[in-house]
Amino acid sequence: MAQSARFIFLVLSLVLFGGHFVKGQQEGVSDSGQQGSEDGGRVGRIVAGVPVTSTHQPYAVITNAISQRVFFFAGAVLSNTEIITSASALRSAGNITRLVSAVGSNPSFVNGTIYEYLKYEVHSGFNSTTLENDVAVITVNGTFAGLPNVRPITLATTEIPVSPSNRPTCVVVGWGQFANGNYHVNVSQTNYELLTDQECGGAIPPSIVCARPSGAGFACSFDGGAPLVCNGQLYGVLTDQTSCDITSRPAFQKFAKLPTIRIPGYTPAISNATLPIAPRKNYVSCP
Numbered sequence: 067m068a069q070s071a072r073f074i075f076l077v078l079s080l081v082l083f084g085g086h087f088v089k090g091q092q093e094g095v096s097d098s099g100q101q102g103s104e105d106g107g108r109v110g111r112i113v114a115g116v117p118v119t120s121t122h123q124p125y126a127v128i129t130n131a132i133s134q135r136v137f138f139f140a141g142a143v144l145s146n147t148e149i150i151t152s153a154s155a156l157r158s159a160g161n162i163t164r165l166v167s168a169v170g171s172n173p174s175f176v177n178g179t180i181y182e183y184l185k186y187e188v189h190s191g192f193n194s195t196t197l198e199n200d201v202a203v204i205t206v207n208g209t210f211a212g213l214p215n216v217r218p219i220t221l222a223t224t225e226i227p228v229s230p231s232n233r234p235t236c237v238v239v240g241w242g243q244f245a246n247g248n249y250h251v252n253v254s255q256t257n258y259e260l261l262t263d264q265e266c267g268g269a270i271p272p273s274i275v276c277a278r279p280s281g282a283g284f285a286c287s288f289d290g291g292a293p294l295v296c297n298g299q300l301y302g303v304l305t306d307q308t309s310c311d312i313t314s315r316p317a318f319q320k321f322a323k324l325p326t327i328r329i330p331g332y333t334p335a336i337s338n339a340t341l342p343i344a345p346r347k348n349y350v351s352c353p
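Given below as structure tokens:
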């Protein structure tokens, strides 16, 4: 169920202890879900992005994972009860004892509605080394139905053709950091353009797509699982983060390519337009 009181804990965690948690994330587990990397589960923030509201991005979600420490990552509303994020973000959180997700933040997630989780499922084919099938689904205790400024996003089912002369522009949405390094709680977005597999820098699994920031901002710490939205549909979730230093702008970043991945536990809604047509029966009348 949505619990406004419990959200106070989330806000205090960010405001009072944000610096400690960020430092812990930078020293903890790696982006690939393995222990010991100095990149520690830096599960990203969008630096120098453009502030938005959930009126315009009603699918935006931030999740607070509690394990040995407090950990934050992004995601998207997939259905009235489900959130999609990256498996690497969940694994980076360690031995999770609690998940709390905030939605409907307008203009910031301080005013959002929060949900406890019922369960979460990591893709059975997730590979923490290659980041193949890097998706996970969180099922909340309750429903998003009827909430203002909260709406599931349509999942892309078709791969987008990309070439050096045809680079579709997409949007990445998350919770940001100002260019001067100060943290803020407003939803931010920035533009990315898709790259070809050859531009991804080495062999990648077919379930990965690379994109590079084409706007002023880029995703970094606290944005693991952040939605990559192309043509109004959810095309990917962020698997790859970098430092939030504005001088550390990445050449490109990796996203789980959702049209190529079976989403665990997710059954797309069927509209009347997609229902199969029953075969016509021929009846013979007898005299």
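In terms of the numbering used here, the sequence shown opens at residue 67 and continues consecutively.
Ideal Cβ placement from N, Cα and C applies to all residues, glycine included.
Taking the alpha-carbon positions, what's the residue i to residue j distance?
{"i": "Thr147", "j": "Arg328", "result": "18 Å"}
{"i": "Glu198", "j": "Pro214", "result": "35 Å"}
{"i": "Thr129", "j": "Ser152", "result": "12 Å"}
{"i": "Gly331", "j": "Lys185", "result": "11 Å"}
{"i": "Gln365", "j": "Val216", "result": "Past the edges of the chain, shown from 67 to 353, lies residue 365, and the structure says nothing about it."}
{"i": "Ala142", "j": "Ala155", "result": "13 Å"}
{"i": "Arg278", "j": "Ile226", "result": "15 Å"}
{"i": "Ser231", "j": "Leu261", "result": "10 Å"}
{"i": "Gln134", "j": "Val166", "result": "15 Å"}
{"i": "Gly268", "j": "Tyr181", "result": "40 Å"}
{"i": "Thr313", "j": "Gly212", "result": "42 Å"}
{"i": "Thr256", "j": "Phe288", "result": "15 Å"}
{"i": "Ile302", "j": "Ser194", "result": "Note that residue 302 is Gly in the sequence shown, not Ile. If I take the Cα positions, the gap works out to 17 Å."}
{"i": "Val127", "j": "Leu221", "result": "15 Å"}
{"i": "Gly160", "j": "Thr223", "result": "31 Å"}
{"i": "Val136", "j": "Arg157", "result": "13 Å"}
{"i": "Pro373", "j": "Ala202", "result": "This structure gives no information on residue 373, because the portion of the chain shown stretches from 67 to 353."}
{"i": "Gly170", "j": "Phe138", "result": "17 Å"}
{"i": "Gly115", "j": "Trp241", "result": "Confidence at Gly115 is low in this model, with a pLDDT of 46, below 50, so its placement is unreliable and no value can be given for it."}
Quick one: residues in its chain with C-beta nearer than 7 Å to the C-beta of residue i, no 5 flanking neighbours on either side, listed in chain order?
{"i": "Arg164", "result": "Ile132"}
{"i": "Pro271", "result": "Thr196, Glu198"}
{"i": "Ser229", "result": "Thr262"}
{"i": "Asp200", "result": "Ser152, Ala153, Ser154, Phe192, Thr305, Ala322"}
{"i": "Ser273", "result": "Glu198, Asn199, Ala322, Lys323, Thr326, Ile327"}
Hey, residue i and residue j are a contact pair by Cβ (cut 8 Å); roughly how many whole angstroms apart?
{"i": "Ala292", "j": "Ala285", "result": "5 Å"}
{"i": "Val253", "j": "Val275", "result": "Contact doesn't hold; Cβ gap of about 23 Å is too wide."}
Quick one, which of the options has its alpha-carbon nearest residue i's?
{"i": "Ala265", "options": "Val238, Thr224, Arg233, Asn257", "result": "Contrary to the premise, residue 265 reads as Glu rather than Ala in this sequence. The candidate whose alpha carbon is nearest that of Glu265 is Arg233."}
{"i": "Tyr125", "options": "Gln319, Cys236, Ala168", "result": "Ala168"}
{"i": "Ala322", "options": "Pro316, Thr305, Arg315", "result": "Thr305"}
{"i": "Ser280", "options": "Gln319, Ile149, Gly302, Ile219", "result": "Gln319"}
{"i": "Ile162", "options": "Ile204, Leu144, Ser145", "result": "Ile204"}
{"i": "Tyr183", "options": "Pro218, Gly290, Val239, Ile149", "result": "Ile149"}
{"i": "Thr209", "options": "Ser273, Ala140, Thr179, Pro316", "result": "Thr179"}
{"i": "Thr235", "options": "Thr224, Ser254, Leu144, Glu259", "result": "Glu259"}
{"i": "Ala140", "options": "Gly290, Thr223, Leu294", "result": "Gly290"}
{"i": "Ile219", "options": "Leu144, Arg315, Gly240, Val275", "result": "Leu144"}
{"i": "Val237", "options": "Phe138, Ser273, Leu294, Ser254", "result": "Leu294"}
Keeping to the same chain, check which residues put their C-beta closer than 6 Å to that of residue i; ignore five residues upstream and five downstream.
{"i": "Glu104", "result": "Interpretation of Glu104 is limited by its pLDDT of 29, a score under 50 that renders its predicted location unreliable; the figure taken from the coordinates is listed afterwards. If we look at Glu104 and ignore the five residues flanking it on each side, it has no Cβ neighbours."}
Less than 8 Å between C-beta atoms, sequence neighbours within five positions excluded: which residues of the same chain meet that for residue i?
{"i": "Val206", "result": "Thr147, Glu148, Ile149, Ser167, Tyr181, Glu182, Tyr183, Leu184"}
Original post:
Looking at C-beta atoms only, is the number of pairs between the segment 292-299 and the segment 187-205 that lie closer than 8 Å three or more?
Top reply: no
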